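Visitor: In order, the protein sequence lines correspond to chains C and S. Using my numbering, the first residue of the first sequence is number 1, and each one after it goes up by one. Using my numbering, the first residue of the second sequence is number 346, and each one after it goes up by one. Think of the CB as a built atom: it goes at the ideal place given N, C-alpha and C, for glycine as much as any other residue. In this text, all values refer to a predicted model and were calculated from it rather than measured experimentally.
Protein chains: 2
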Amino acid sequence: MKEDKLPTIKEIAKQLNVSVSTVSRALHNHPSIGLRTKMRVQQLAQQLDYEPNQAAIFFKQRKTSTIGVVLPNLKEEFFSEAINGIEEIATKHKYNVLISQSRDDTERERMIVATMKNNRVDGLIVSLGANTTTYDHFTALKKYGIPVVFFDRVPSLPDFNKVYSNMNSGTREAIEFLIAKGHRRIGVLNGPEQMRSSQERTDTYMQVLVKRRLKIDLGLVTSTDLTREGTLKAMGHLLSQRPKPTAILAINDYIALDAMQYARQQKLRINKDICFVSYANLSITTYLQTPPMASVEQYPYRQGSEAAEILMELLSKTDHDGLPPEPETFRNVVINGQLVIHSKR
Amino acid sequence: MKEDKLPTIKEIAKQLNVSVSTVSRALHNHPSIGLRTKMRVQQLAQQLDYEPNQAAIFFKQRKTSTIGVVLPNLKEEFFSEAINGIEEIATKHKYNVLISQSRDDTERERMIVATMKNNRVDGLIVSLGANTTTYDHFTALKKYGIPVVFFDRVPSLPDFNKVYSNMNSGTREAIEFLIAKGHRRIGVLNGPEQMRSSQERTDTYMQVLVKRRLKIDLGLVTSTDLTREGTLKAMGHLLSQRPKPTAILAINDYIALDAMQYARQQKLRINKDICFVSYANLSITTYLQTPPMASVEQYPYRQGSEAAEILMELLSKTDHDGLPPEPETFRNVVINGQLVIHSKR
DNA sequence: TGGCGATACGCAAACGGTTGCGGGAAAACA
DNA sequence: TGTTTTCCCGCAACCGTTTGCGTATCGCCA
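#1: Give the secondary structure of Ala-475 (chain S) by DSSP, where H, G and I count as helix, E and B as strand, and everything else as coil.
#2: Can you tell which of C:Glu-200, C:Met-260 and C:Arg-185 has the C-alpha that lies nearest to the C-alpha of Asp-217 (chain C)?
#3: Taking Cβ-Cβ distances below 8 angstroms as the criterion, which residues of the segment 487 to 512 of chain S are in contact with chain C?
#4: Between the alpha carbons of Glu-352 (chain C) and Val-97 (chain C), how many angstroms are there, rounded?
#5: Strictly under 8 angstroms for the Cβ-Cβ distance: is Ile-99 (chain C) near chain S by that measure?
#6: Hey, how far is the Cα of Val-121 (chain C) from the Cα of Ala-652 (chain S)?
#7: Could you tell me whether the Cβ atoms of Leu-627 (chain S) and Asp-598 (chain S) are closer together than 8 angstroms?
#8: Just to confirm, are Leu-583 (chain S) and Leu-660 (chain S) a CB contact at a threshold of 8 angstroms?
#9: Mind checking whether the beta-carbon of Arg-530 (chain S) lies closer than 7 angstroms to any heavy atom of the ligand ATP?
#10: Would you call the segment 359 to 366 of chain S and the segment 384 to 398 of chain S in contact, with 3 or more CB pairs under 8 angstroms?
#11: Kindly confirm or deny that the segment 170 to 178 of chain C and the segment 200 to 213 of chain C touch, where touching means at least three C-beta pairs closer than 8 angstroms.
#12: Is Ile-434 (chain S) closer than 8 angstroms to Lys-462 (chain S) when the C-beta atoms are compared?
#13: What three-state label does DSSP hand Phe-675 (chain S) in the structure shown?
#14: Which residue comes first and which comes last in the beta strand (DSSP E) that contains Gly-187 (chain C)?
#15: Contact criterion: CB-CB distance below 8 angstroms. Does Tyr-692 (chain S) meet it with respect to chain C?
#16: If you run the structure through DSSP and keep just helix, strand and coil, what is Lys-405 (chain S)?
#17: Flag Ile-284 (chain C) as yes if its beta-carbon sits less than 8 angstroms from any beta-carbon of chain S, otherwise no.
#18: Can you list, in chain order, the residues of its chain whose CB lies under 7 angstroms from that of Asn-84 (chain C), leaving out five sequence neighbours each side?
#19: Within its chain, find whatever has a CB closer than 7 angstroms to the CB of Ala-411 (chain C); leave out the 5 residues flanking it on each side and keep chain order.
#20: Measuring CA to CA, which of S:Leu-613, S:Thr-409 and S:Tyr-624 is closest to Arg-546 (chain S)?
#21: Determine the closest residue to Gln-338 (chain C) out of C:Glu-313, C:Tyr-299, C:Leu-311 and C:Leu-157, with distance taken between C-alpha atoms.
#22: Is it buried or exposed, Glu-193 (chain C), if we count other Cβ atoms within 10 angstroms and call 16 or more buried?
#23: In whole angstroms, what separates the C-alpha of Arg-153 (chain C) from that of Thr-290 (chain C)?
#24: DSSP beta-bridge partners for Phe-150 (chain C)?
#25: Mind checking which residues open and close the beta strand (DSSP E) that includes Glu-642 (chain S)?
#26: Just curious, the beta strand (DSSP E) that Tyr-279 (chain C) is in, first and last residue?
#27: Under a CB-based cut-off of 8 angstroms, is Asn-398 (chain S) close to chain C?
#28: Which stretch, first to last residue, makes up the alpha helix (DSSP H) that contains Gln-338 (chain C)?
#29: Please give me, in chain order, every unbroken run of the alpha helix (DSSP H) with length at least 4 that falls completely inside the segment 25 to 97 of chain C.
#30: Note down, in chain order, all residues in the segment 423 to 451 of chain S with a beta-carbon under 8 angstroms from any beta-carbon belonging to chain C.
#31: Examine the Cβ distances between the segment 400 to 419 of chain S and the segment 606 to 624 of chain S and report whether three or more of them are shorter than 8 angstroms.
#32: Between Asn-616 (chain S) and chain C, is any beta-carbon pair separated by less than 8 angstroms?
#33: Between the C-alpha atoms of Ile-680 (chain S) and Met-512 (chain S), what's the straight-line distance to the nearest angstrom?
#34: Of all the CB atoms in chain C, is at least one closer than 8 angstroms to the CB of Ala-401 (chain S)?
#35: Rounded to a whole number of angstroms, what is the C-alpha to C-alpha distance between Leu-124 (chain C) and Thr-106 (chain C)?
#36: Which bits of chain S does Phe-59 (chain C) rub up against, with CB to CB less than 7 angstroms?
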């Protein structure tokens, strides 16, 4: 009972005195198999609890029905929510999902991509590590026909498939919101400069200020490396500006939380002496007594599911390889972030 | 350049005019291959960027070097932290990790286990869905020699490998802590009754009260199905008791957060009119202005890594199958939870 | 009765790598 | 120089499934 080897197609063939090919076809409802034998095969298969050996199939078909997901970390609700979207679509298309965390370490990221390649994942969905600035480990995959779709943290190069939330509209809304509340000195707590989103955020910030004819003070634009220490240091810088900023736009809710904590330590009253607006709109903020005044919702689930959808499409194309070498077109889906207001004050 | 098929061992063999077996052995540093050819092979392999086709190896070796992880959801920091522990150990042993979420849905859980079996994962690490009361989908795996290790939410049956944090010591500490603070009416916001931990928690609660000669009021012991609605309802019940409880022991931090929000709506002041103590000690609580007074740390990372370690051990045994049918012994690792005090008051 | 087209099934190769076994050639010994 | 040993390497089977192609059987019509 213990060493009950899994039943194979051969087993069935032997017991029924037919060939393996007949069994295989019978199980696939191939038209050239007689109804009688088809029934017999299917019945015995059921009875033996036969399940095809996926490993063998993967090997034979040269595809694993597995997609890899590489992202900075699962701890952030944004990413775990995105995973849900990915999983949803993937399972619908009968794909497995291999997840791995880069922890914002480019070296790890390279390793992960390499092992995923060796494991022959059919495709990849990636959100870049914060410090990743080179993409050769991804371009290398093209040679092997492994499609890659980026989401959220996407490379700034054009020749990649991407799904992301553009910062422009959300940021514009956010700044306008703050201005309408009377704020004139608005600080920006940005991410690392190599991140596409950071640049967009800064750009939009400038644009709005210019449009509203407000003074631009570059001392009010800082960046954090996303570590807690980096955030505190950046906050120290912001709060040392004179006059102090009365509002701060933070790259995401986690960073905003660190920043708020710092501000509180400096005896500033949140949403009174200083207001926060951030991105992501995580559920944890609803538990705070003083949440950020507003968040730009980034729709992680949608980003994940759209990325997965695109990947599925790409995979279905490379399936029947034989088509003319298409002129390589890249998908570029932009999801507009939207401001969600938490606190009226 | 596009349809650059991945180089195979055959390719190398052909180019070097040796047999595939020689190449295979050369790459594995087999002693029976001459130094000269070994060098030539390895060099060419490097030059061609040869990487063995894992799918083929999996198939041949009848093991996939992949372990499956099934847990309720990744959103809870407890689980994503546990994943980190699992990943750490797994990659150290060159295993891949396939993650899937049951979302506390037993049916989904069954499905996942089934597909993981078909995908021939070598072993499984599982944290049960909240409503799972039958374990036949896991016992079925034994027949096929697929080891399973449970963690955190473990079945109450003895014949499984488990790693979990026992509630006794942590709960005792927690209740004693509250009693020392002067609380006499302590409510319990427990999980579903079928969860092992819920029972342990209630038992210990009773024991301590008895020992301290405090009155036991069963109206103060409730349970939630872990949904937000369930929690609010349970809280409604607790707060309708007379006299009101002055402290509440909640099954985990998320539930505590929901509960605290409810209490606040009832115009109760947290940590003043009513105190909370919970389990897990998540990092998000550090951002709260009024966190639970204390949390019982559950060491998710350790639970994950220990579970993975055990699984690795089990896998290394079944590797060289041929040993006498051992008398099936099950590992049972208990990690003592420890009370962490957040708020002095 | 010979020929023809379906119908239903078997043969065998292929996917890429591993491994037991056997054997040829060179080296060492008598 | 003949024999034995040692060192290298090739042959071939195997893992489970899919699939192109060949073929036996049968019915049917001329």
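Guide: Checking against the coordinates, here is how it stands:
#1: Here the question's residue 475 (chain S) lines up with position 130 in the second sequence. Note: Ala-475 (chain S) maps to coil in three-state DSSP.
#2: Here residue 217 (chain C) refers to the residue found at position 217 of the first sequence. Checked all of C:Glu-200, C:Met-260 and C:Arg-185; the closest Cα to Asp-217 (chain C) is C:Arg-185.
#3: Lys-487, Lys-488, Tyr-489 and Gly-490
#4: Nothing can be reported for residue 352 (chain C): it is not among the residues displayed for chain C, which extend from 1 to 345.
#5: Translated into positions along the first sequence, residue 99 (chain C) becomes position 99. Chain S contact via Cβ: present.
#6: Residue mapping note: residue 121 (chain C) aligns to position 121 of the first sequence, counting from 1. Residue mapping note: residue 652 (chain S) aligns to position 307 of the second sequence, counting from 1. Rounded to whole angstroms, Val-121 (chain C) to Ala-652 (chain S) spans 26 angstroms at the Cα level.
#7: The count along the second sequence starts at 1 and reaches residue 627 (chain S) at position 282. The count along the second sequence starts at 1 and reaches residue 598 (chain S) at position 253. The answer is yes: Cβ separation under 8 angstroms.
#8: Indexing the second sequence from 1 puts residue 583 (chain S) at position 238. Indexing the second sequence from 1 puts residue 660 (chain S) at position 315. No. Outside cutoff.
#9: The model on display carries no ligand, and the ligand ATP is accordingly not part of it.
#10: yes
#11: yes
#12: Here residue 462 (chain S) refers to the residue found at position 117 when the second sequence is read from its first residue. Here residue 434 (chain S) refers to the residue found at position 89 when the second sequence is read from its first residue. No, the Cβ-Cβ distance between Lys-462 (chain S) and Ile-434 (chain S) is not below 8 angstroms.
#13: To locate residue 675 (chain S), count along the second sequence from 1; it is residue 330. Three-state result, Phe-675 (chain S): coil.
#14: Counted from its first residue, the first sequence places residue 187 (chain C) at position 187. Run containing Gly-187 (chain C): 186 to 190, per the beta strand (DSSP E) assignment.
#15: Not covered by the structure: residue 692 (chain S). The range shown for chain S is 346 to 690.
#16: What you label residue 405 (chain S) is simply residue 60 of the second sequence in a count that begins at 1. In the structure shown, Lys-405 (chain S) sits in a helix (DSSP, three-state: H, G or I).
#17: By 1-based counting over the first sequence, the position of residue 284 (chain C) is 284. Answer yes: the Cβ-Cβ gap between Ile-284 (chain C) and chain S drops below 8 angstroms somewhere.
#18: Position 84 of the first sequence holds residue 84 (chain C). So the qualifying residues of the chain are Tyr-301 and Gly-304.
#19: Outside the displayed span of chain C (1 to 345) sits residue 411 (chain C), for which this structure offers no information.
#20: Position 201 of the second sequence, counted from the first residue, corresponds to residue 546 (chain S). The candidate whose alpha carbon is nearest that of Arg-546 (chain S) is S:Tyr-624.
#21: To locate residue 338 (chain C), count along the first sequence from 1; it is residue 338. For the residues C:Glu-313, C:Tyr-299, C:Leu-311 and C:Leu-157, the minimum Cα distance to Gln-338 (chain C) belongs to C:Tyr-299.
#22: Along the first sequence, read from residue 1 onward, the residue named residue 193 (chain C) stands at position 193. By the neighbour-count rule (16 or more Cβ atoms within 10 Å), Glu-193 (chain C) is not buried but exposed.
#23: Here residue 153 (chain C) corresponds to residue number 153 of the first sequence, with the count starting at 1. Here residue 290 (chain C) corresponds to residue number 290 of the first sequence, with the count starting at 1. So the two alpha carbons sit approximately 28 angstroms from each other.
#24: As a working note, residue 150 (chain C) is residue 150 in the first sequence. Answer is C:Val-126 and C:Lys-162.
#25: Residue mapping note: residue 642 (chain S) aligns to position 297 of the second sequence, counting from 1. Start and end: 639 to 642.
#26: Mapped onto the first sequence, residue 279 (chain C) falls at position 279. Unbroken beta strand (DSSP E) run through Tyr-279 (chain C): 275 to 280.
#27: Mapped onto the second sequence, residue 398 (chain S) falls at position 53. Closer than 8 angstroms: yes.
#28: In the first sequence, the residue the question calls residue 338 (chain C) occupies position 338. Run containing Gln-338 (chain C): none in the alpha helix (DSSP H); it sits in the beta strand (DSSP E), 338 to 341.
#29: 35 to 48, 54 to 61 and 77 to 92
#30: Ser-425, Glu-426, Ile-428, Asn-429, Glu-432, Asn-441, Val-442, Leu-443, Ile-444, Ser-445 and Gln-446
#31: no
#32: The sequence position of residue 616 (chain S) within the second sequence is 271, counting from 1. Taking Cβ atoms only, chain C never reaches closer than 8 angstroms to Asn-616 (chain S), which makes this a no.
#33: The residue given as residue 680 (chain S) occupies position 335 in the second sequence. The residue given as residue 512 (chain S) occupies position 167 in the second sequence. If I take the Cα positions, the gap works out to 9 angstroms.
#34: Along the second sequence, one-based indexing puts residue 401 (chain S) at 56. For Ala-401 (chain S), the answer is yes, since a Cβ of chain C falls inside 8 angstroms of its Cβ.
#35: The count along the first sequence starts at 1 and reaches residue 124 (chain C) at position 124. The count along the first sequence starts at 1 and reaches residue 106 (chain C) at position 106. Using only the alpha carbons, I get a separation of about 16 angstroms.
#36: Working through the first sequence from its first residue, we reach residue 59 (chain C) at position 59. Ordered by position in chain S, the residues that pass the 7 angstroms Cβ test against Phe-59 (chain C) are Ala-400, Ala-401 and Phe-404.
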